[in-house]
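Q:
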Amino acid sequence: MNSDLRVLIAKMVHKSREGHIPSSFSIVDIIDFLYSSILRYDLKDINSKNRDYFILSKGHGCAALYVVLHKYGFLSDHDLEHYSLSTGILGGHPDMTIVPGVEASTGSLGHGFPTALGVALGLKIQAMNNRVIALLGDGECHEGTIWEAANIANNLRLGNLCAIVDWNGSASQLMPRDNLGEKWKAFGWNVWTIDGHSGDEIKNAFHKFDFEIDGTPNVILAKNIKGKGVSFLEGHGQWHHKIPSNDELEKIIEELKE
Amino acid sequence: MKNLRQEFADTMIEIGLEDTRLVVMVGDISHGILKGFAQNCSGRYFNIGICEPTIVNMAAGIRKTGLIPVVHTIAPFIVERAYEQIKLDFGYQRLSGNFITVGGAFDYAQLGCSHHCYADISLMCHIENSQVMMPGSAEEFRTLFRQAYSEEKINYFKLTENPHGIELKNEIVVGRGVKIIEGGDITLVAAGPQLRNAIFAAEKLKKDGWSAEVLYYHTLKPFDGELLVDSVEKTRNMITIEELSSHDGLFNLCLRYLNGKVDFNSSQIAIDGFVHGYGTYQELCEKVGLTPDNIYQKALRMLK
């Protein structure tokens with residue numbers, strides 16, 4: 000579990016009075032791992048034709064993406080300091096037209112994943128071996144386009160596409176029959192279920208498949224905890240879009256440093 | 000007279016062979032006539048199925064990899080059902096692509112209002128960086144598509160099943176209106192297939208001694224306002240003839256360009272709401288007043 004990135008997220012949100020802290024804490028470990036160990040990119044040529052694509056379909060978790068892009072050199076200190084301000088480029092949902100390293104402008108749920116499917120198809124048409132990874136929310140899986148895309152990806156044999164579902168239990172609050180594994184299997188995907196906060200489990204999941212350009216697509220169901228790392232943020236209560244007070248920020252940082 | 004949908008299929012082959020970036024995606028229609036493209040441009044034709052929002056998303060993704068998507072299905076299913084995908088994934092993300100529809104406004108006259116689409120032109124005009132075209136002949140489609148398809152624009156082509164049958168003598172250029180008949184008493188402005196009715200009405204008016212100027216628009220965005228202003232400054236009378244929503248179509252476009260420039264009388268023949276019932280395209284045109292006689296009567300009232 001990466002505490003430093005979580006502290007950065009909390010500070011950003013506190014300063015700008017905008018952001019989804021628990022959703023970002025839920026996915027930050029996975030995104031960090033992707034940029035450290037999986038995705039191929041070139042900071043000198045961010046839009047290189049050879050890059051791998053990462054699309055954050057659950058755009059409201061973008062504070063996690065921003066701190067990771069900052070850690071790996073895509074974004075500057077100034078960018079993070081001006082998060083959600085008119086003087087900066089980073090907002091409460093990511094805008095690909097102004098943020099280096101952001102591949103899709105997401106926010107309205109159910110768009111990023113089918114767009115990633117299109118990227119995977121475009122690459123396959125051109126026989127390019129770039130990999131495409133989309134991270135989506137379990138609540139987002141209520142959107143019909145997720146299942147349209149899942150169905151198509153299997154039929155077009157887009158093994159160069161990997162979906163990661165942030166399975167933190169948001170969906171089951173509304174629809175308790177939360178059998179995501181069976182659903183993805185029924186749509187023909189290889190399914191890998193892991194603890195999304197365990198570096199070893201994330202790593203092992205990516206060792207289990209290659210991104211075959213003509214193969215079965217893979218989905219990693221990451222059993223995450225919304226708000227992971229801070230006791231009073233964890234779960235599905237009031238903190239979804241709540242901004243911490245000064246005292247609460249101090250407590251968040253305290254718990255994360257323990 | 001060549002059918003526009005067949006011209007679409009033929010043009011895809013022609014350009015697809017020249018430009019290997021062209022990818023055609025359909026929502027389970029026109030697959031018969033697109034067999035030629037599928038065979039000639041192997042690996043770049045996809046009948047994705049009946050899932051229009053996802054097709055539009057996919058097209059945006061395909062564009063991100065450098066290819067040029069063409070999305071084709073029935074007008075309401077792309078423009079109205081998948082509008083958010085067009086707005087966000089193409090408009091907001093500043094991606095370019097091509098959308099080619101059939102069925103609007105009520106070309107599927109026997110299938111009922113679920114298959115009608117009156118507001119597509121208006122909706123597509125709202126999208127930043129769009130070019131919006133409703134060609135009235137096969138030649139117009141072929142020419143406009145060739146000019147526009149690889150531009151960094153969101154191109155919308157609404158294909159009619161009822162071409163106007165008029166051979167344009169002027170050059171066909173995206174964004175340029177066409178003066179079909181020169182006149183001095185009233186300006187009849189038509190878009191797409193309604194050019195035919197406008198010309199018939201002008202001929203009727205001529206028999207009564209009135210001289211109608213007929214302007215034709217195959218492109219609604221960008222709109223050739225100069226041609227319109229020049230004409231209405233002269234005639235001071237205008238009627239728009241459009242198989243589009245009366246709430247935001249050709250008439251509103253014209254008003255925007257004329258406002259503050261000319262004092263003039265105006266009237267609109269358009270679609271005011273669901274055109275319930277069934278029948279032929281011609282019968283539904285009659286139902287909403289898109290006939291030469293109605294244009295003629297409205298013009299007479301204005302002129303007298």
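Taken in sequence, the protein lines are chains G and S. Per numbering that gives the first Met the number 0, residue 0 is the first one in the first sequence, and the count goes up by one each step. Per numbering that gives the first Met the number 0, residue 0 is the first one in the second sequence, and the count goes up by one each step. All residues carry an ideal CB built from backbone N, CA and C; glycine is no exception.
Is there at least one Cβ from chain S nearer than 9 Å to G:Leu-122's Cβ?
A: yes
Q: If distances are taken between C-alpha atoms only, which option among G:Val-131, G:Gly-136, G:Gly-111, G:Leu-4 comes closest to G:Arg-39?
A: Looking from the CA of G:Arg-39, the closest CA among G:Val-131, G:Gly-136, G:Gly-111, G:Leu-4 belongs to G:Val-131.
Q: Can you tell me which of the three DSSP states S:Tyr-216 falls into?
A: strand
Q: For the region 159-174 of chain G, enumerate the residues whose C-beta is nearer than 9 Å to any C-beta of chain S, in chain order.
A: none
Q: So, with DSSP's three-state summary, where would you put S:Gly-60?
A: helix
Q: Please list the partners that G:Leu-116 has in chain S, where partner means a Cβ-to-Cβ separation under 9 Å.
A: Thr-53, Asn-56, Met-57, Gly-60
Q: Please state whether the Cβ-Cβ distance between G:Asp-51 and G:Lys-123 is less than 9 Å.
A: no
Q: Figure out for me which residue from S:Val-173, S:Gly-248, S:Ile-165, S:Lys-203 has the closest Cα to the Cα of S:Leu-143.
A: The shortest C-alpha separation from S:Leu-143 is found at S:Val-173.
Q: Alpha carbons only, please: which of S:Asn-56, S:Glu-127, S:Ser-121, S:Ser-136 is nearest the one belonging to G:Ala-103?
A: Nearest option by C-alpha distance: S:Asn-56.
Q: Measure the Cβ-Cβ separation of G:Ile-163 and G:Leu-120 and say whether it is below 9 Å.
A: no
Q: Apart from the five residues on each side of it in sequence, which residues of its chain come closer than 8 Å, Cβ to Cβ, to G:Ile-193?
A: Glu-200, Ile-201, Asn-203, Ala-204, Ile-219, Leu-220, Ala-221, Lys-222
Q: Chain S partners of G:Ala-110, CB-CB under 9 Å?
A: Sequence check: residue 110 of chain G is His here, not Ala. Those within 9 Å of G:His-110 in chain S are Pro-52, Asn-56, Ala-59, Glu-83, Gln-84, Leu-87, Asp-88.
Q: Looking only at C-alpha atoms, which of S:Pro-68, S:Arg-43, S:Pro-52, S:Phe-273 sits nearest to G:Ala-126?
A: Checking every option, the nearest Cα to that of G:Ala-126 belongs to S:Arg-43.
Q: Of the residues S:Asn-39, S:Ile-73, S:Ala-197, S:Gly-135, which one's Cα is nearest the Cα of S:Gln-296?
A: S:Ala-197
Q: Do you know offhand how far S:His-71's Cα is from S:Phe-98's?
A: Distance between the alpha carbons of S:His-71 and S:Phe-98 is about 6 Å.
Q: What does a CB cutoff of less than 8 Å around G:Gly-180 pick up in its chain, not counting 5 residues either side in sequence?
A: Val-190, Thr-192, Leu-220
Q: Is S:Phe-273 helix, strand or coil when you go by DSSP?
A: coil
Q: Closer than 9 Å by beta-carbon distance: list the chain G residues that pair up with S:Val-261, in chain order.
A: None at all; the shortest Cβ gap to chain G is about 39 Å.
Q: Only counting runs of 3 or more residues, tell me where the beta strand (DSSP E) segments fall wholly within the region 161-249 of chain G, in order along the chain.
A: 189-194, 217-222
Q: Give the residues of chain G in contact with S:Gly-42, contact being defined as C-beta atoms less than 7 Å apart.
A: Ile-124
Q: Pull up the distance between the alpha-carbon of S:Ile-120 and that of G:Lys-250, whole angstroms please.
A: 55 Å
Q: Would you check if the region 257-271 of chain S and the region 68-83 of chain S touch, i.e. whether three or more CB-CB distances between them fall below 8 Å?
A: no
Q: As a quick exercise: from G:Lys-227, G:Thr-105, G:Asn-159, pick the residue whose alpha carbon is nearest that of G:Asn-167.
A: G:Lys-227
Q: According to DSSP, simplified to helix, strand and coil, what is S:Glu-202?
A: helix
Q: How many Å lie between G:His-81 and S:Gln-92 at the Cα?
A: 22 Å
Q: Checking contacts by CB at 9 Å: is S:Gly-276 closer than that to chain G?
A: no
Q: Would G:Glu-211 pass as an interface residue toward chain S - the criterion being a Cβ-Cβ separation below 9 Å?
A: Not one chain S Cβ lies under 9 Å of G:Glu-211.
Q: Around the C-beta of G:Ser-165, are 16 or more other C-beta atoms found within 10 angstroms, so that it is buried, or is it exposed?
A: At residue 165 of chain G the sequence reads Asp, which differs from the Ser that was named. That one is buried.
Q: Measure the Cβ-Cβ separation of G:Ile-242 and G:His-59 and say whether it is below 9 Å.
A: Cβ atoms of G:Ile-242 and G:His-59: not closer than 9 Å.
Q: If you follow the alpha helix (DSSP H) that S:Ile-67 is in, where does it begin and where does it stop?
A: No alpha helix (DSSP H) holds S:Ile-67; the beta strand (DSSP E) holding it covers 67-73.
Q: So which residues of chain S does G:Ile-97 contact, with C-beta pairs closer than 8 Å?
A: By Cβ distance, chain S contributes nothing, its closest Cβ being about 10 Å from G:Ile-97, past 8 Å.
Q: Select from the region 134-152 of chain G all residues with a C-beta closer than 7 Å to any C-beta belonging to chain S, and list them in chain order.
A: Thr-144, Glu-147, Ala-148, Ile-151
Q: Can you tell me the Cα-Cα spacing of G:Gly-143 and G:Ala-152, whole angstroms?
A: 14 Å
Q: Taking its Cβ as the centre, do 16 or more other Cβ atoms sit within 10 Å of G:Lys-256, making it buried, or is it exposed?
A: exposed
Q: Hey, how far is the Cα of S:Arg-141 from the Cα of S:Gly-135?
A: Roughly 11 Å between the two C-alpha positions.
Q: Since S:Glu-66 meets chain G, which of its residues come closer than 8 Å, beta carbon to beta carbon?
A: Looking at the sequence shown, residue 66 of chain S is not Glu but Leu. Going along chain G in sequence order, the residues near S:Leu-66 (Cβ under 8 Å) are Gly-121, Ile-124, Gln-125.
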